[in-house]
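Enquirer:
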Amino acid sequence: MGYKEKAWDMNDPYINWLKKSRGVGRTTVFHYSTYYRKMKMIGDLNQKSISKFIQDNKNNCVVRAFVNSMIKYLATNDIIIDFEMPPKVTGRKKKKITKDYSKSEIKIMRGACYGKNKYTGVLFDILYDGALRRAEVPQIKINSFDWNDYFANQKKKNIGLKIEGKGKKERVVLIRRSVFDLIISDMLDKKIINMDMDINSILSNLNSLEIYVLNKTRDGWVIWNIIRKISEKCIGRAMRPHEIRHTRATELQDMGVNIRDIQHYLGHSNPQITEIYLHTKPKTSIKHILEKLDG
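The sequence shown: position 168 = 150 (my numbering), numbered continuously.
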């Protein structure tokens, strides 16, 4: 069981309140539980001790949000703390450079993942095709896939996969048909379905399966490490799942998909966030404009 799952399964009043009353996701619970353990070691909770706690933990937006949630939680138990949040950290933050990957690098990476084993190949295809956050991948189950569409439209190259994103918001992404084929093959090997079953029985079995597709990687950091190690060997530089997401978003834009559709595909709350993901170079922009003008 990964660290996020352990935090999520904690039988603690505060953690339970976070999940039920605030509706936060696994990643938020994981981060808050880390600060929660540290705060338990503080004696009296007051302006001075909480301010010091925030400063000791880098005074970032996550620790500030945790403290706000803790004060609200304590208030529900009639424990009122007179607290004023200290000023935010000011100054320019060093910008993390997000790398671009070419189509050939993605192709090499995909081949290397399938070269390792079928399981790792499916992991990469789901990450890339769906432009997923690494934390979204471990939650995918057999019945998250649109099996009805898979069997009804034999010529369809890309089929829907239901994802639970940030804040438990659901969206649908598209995954290449070959991934569905591999999962069917795996289900046949495990005798969950068989060739003698009629289509309705097969659909009934698949649509009711709560089995996690990538059960070996139930932690986002494990996925991060798998991608990094394979990419260093096959393309000579480290690739991160989030950069795969950026690359896929840019590819969709280059294919002519509008920014609003990409926003929904990535699960962003507004198009301004999506624009950060699109690594369009000035030369590419001129090329696109010229194509439109020349018709």
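Idealized CB from N, CA, C, for every residue including glycine.
1) Taking DSSP as the reference, what is the three-state secondary structure of Leu143?
2) Tell me where the alpha helix (DSSP H) around Leu185 begins and ends.
3) Taking Cβ positions, are Gln245 and Thr256 nearer each other than 8 angstroms?
4) Starting from Ile157, trace the beta strand (DSSP E) both ways and give me its first and last residue.
5) Within 10 angstroms of the Cβ of Trp203, are there 16 or more other Cβ atoms? Answer buried if so, exposed if not.
6) Out of Met67, Asn187, Glu118, point me to the one whose CA is closest to Lys(-14)'s CA.
7) Under a three-way DSSP split, which group does Phe65 fall into?
8) With C-beta atoms as the reference, is Ile36 less than 8 angstroms away from Pro68?
9) Alpha carbon to alpha carbon, what distance is there between Leu260 and Tyr(-4)?
10) Would you mind working out which of Trp(-10), Asp26, Asn(-2), Lys2 sits nearest His13, comparing C-alpha positions?
11) Under the three-state reduction of DSSP, which class applies to Lys54: helix, strand or coil?
12) Between the Cα of Cys43 and those of Ala220, Phe65, Lys20, Thr10, spot the shortest distance and give me the residue it belongs to.
13) Closest by CA to Arg159, which one among Arg153, Gly142, Ser31?
14) Are at least three pairs of beta-carbons, each pair with one atom in the stretch 206 to 216 and one in the stretch 91 to 98, less than 8 angstroms apart?
15) Could you tell me which residues DSSP puts in a beta bridge with Lys123?
16) Closer than 7 angstroms to a non-hydrogen atom of the ligand SAM - does that hold for the CB of Gln121?
17) Mind checking whether Phe127 and Phe162 have CB atoms under 8 angstroms apart?
18) Which of the three DSSP states, helix, strand or coil, is assigned to Gly103?
19) With distances taken between CB atoms, is the gap from Ile88 to Tyr55 smaller than 8 angstroms?
20) Of all the options Ile205, Lys1, Asn41, which has the alpha carbon lying nearest to the alpha carbon of Tyr17?
21) Would you kindly report the start and end of the unbroken alpha helix (DSSP H) that includes Ile244?
22) Can you tell me where the alpha helix (DSSP H) with Ala220 in it begins and where it stops?
23) Using a Cβ-Cβ cut-off of 6 angstroms (strictly less than) and excluding sequence neighbours within five positions of Leu191, which residues of its own chain qualify?
24) Given this structure, state the Cα-to-Cα distance separating Val(-6) from Ile193, to the nearest angstrom.
25) Should Lys151 and Gly249 be called a contact, given that it needs their Cβ atoms to be closer than 8 angstroms?
26) Whose CA, out of Gln254, Lys85, Lys137, lies closest to the CA of Asp236?
27) Less than 8 angstroms between C-beta atoms, sequence neighbours within five positions excluded: which residues of the same chain meet that for Ile165?
28) Pick from Asp201, Val155, Leu188, Ser251: whose alpha carbon is nearest that of Lys172?
Expert: Let's see:
1) Your numbering for residue 143 matches position 161 in the sequence shown. Leu143 falls in the strand class under three-state DSSP.
2) Taking the sequence shown and counting its residues from 1, one reaches residue 185 at position 203. Leu185 -> alpha helix (DSSP H) spans 181 to 190.
3) Residue 245 sits at position 263 when you count from the first residue of the sequence shown. Residue 256 sits at position 274 when you count from the first residue of the sequence shown. Yes.
4) For the purposes of this step, residue 157 is identified with residue 175 of the sequence shown, where counting begins at 1. Its beta strand (DSSP E) spans residues 152 to 158.
5) Start at 1 with the first residue of the sequence shown, and residue 203 comes out as number 221. By the neighbour-count rule (16 or more Cβ atoms within 10 Å), Trp203 is not buried but exposed.
6) Mapped onto the sequence shown, residue -14 falls at position 4. If we check each option's Cα against that of Lys(-14), Glu118 comes out closest.
7) The residue labelled residue 65 in the question sits at position 83 within the sequence shown. Reduced to three states, the DSSP call for Phe65 is coil.
8) Your numbering for residue 36 matches position 54 in the sequence shown. Your numbering for residue 68 matches position 86 in the sequence shown. Yes. Within cutoff.
9) Within the sequence shown, residue -4 is the residue found at index 14, counting from 1. Within the sequence shown, residue 260 is the residue found at index 278, counting from 1. Between Tyr(-4) and Leu260, the C-alpha separation is close to 38 angstroms.
10) Position 31 of the sequence shown, counting from 1, holds the residue named residue 13. Per the Cα distances, Trp(-10).
11) Start at 1 with the first residue of the sequence shown, and residue 54 comes out as number 72. In this structure, Lys54 counts as helix in the three-state DSSP scheme.
12) The residue given as residue 43 occupies position 61 in the sequence shown. Nearest option by C-alpha distance: Thr10.
13) The count along the sequence shown starts at 1 and reaches residue 159 at position 177. Per the Cα distances, Gly142.
14) yes
15) Counting from 1 along the sequence shown, the entry for residue 123 is found at position 141. According to DSSP, Lys123 bridges with Tyr194.
16) Within the structure as shown, the ligand SAM is missing, as the structure has no ligands at all.
17) On the sequence shown, position 145 is the one that residue 127 refers to. On the sequence shown, position 180 is the one that residue 162 refers to. Against a cut-off of 8 angstroms, the Cβ pair of Phe162 and Phe127 comes out as a contact.
18) As a position in the sequence shown, residue 103 is number 121, starting the count at 1. Gly103 falls in the helix class under three-state DSSP.
19) Here residue 88 refers to the residue found at position 106 of the sequence shown. Here residue 55 refers to the residue found at position 73 of the sequence shown. No.
20) For this step, residue 17 is matched to residue 35 along the sequence shown. Ranking the options by Cα distance to Tyr17, first place goes to Asn41.
21) By one-based count along the sequence shown, residue 244 stands at place 262. Unbroken alpha helix (DSSP H) run through Ile244: 241 to 248.
22) Within the sequence shown, numbered from 1, the residue matching residue 220 stands at position 238. Segment: none, Ala220 is in no alpha helix (DSSP H) and carries neither H nor E.
23) For the purposes of this step, residue 191 is taken as residue 209 along the sequence shown, with counting starting at 1. If we look at Leu191 and ignore the five residues flanking it on each side, its Cβ neighbours are Ile124, Asn125.
24) Reading the sequence shown from its first residue, position 12 is the one you call residue -6. Reading the sequence shown from its first residue, position 211 is the one you call residue 193. It should be pointed out that residue -6 corresponds to Asp in this sequence rather than to Val. Whole-angstrom Cα-Cα distance: 27 angstroms.
25) Looking up residue 151 in the sequence shown gives position 169. Looking up residue 249 in the sequence shown gives position 267. In this structure, Gly249 lies closer than 8 angstroms to Lys151 by Cβ.
26) On the sequence shown, position 254 is the one that residue 236 refers to. Ranking the options by Cα distance to Asp236, first place goes to Lys85.
27) Walking along the sequence shown from the start, residue 165 turns up at place 183. Around Ile165: Val104, Ile124, Phe127, Val195.
28) The residue given as residue 172 occupies position 190 in the sequence shown. Closest by alpha carbon: Leu188.
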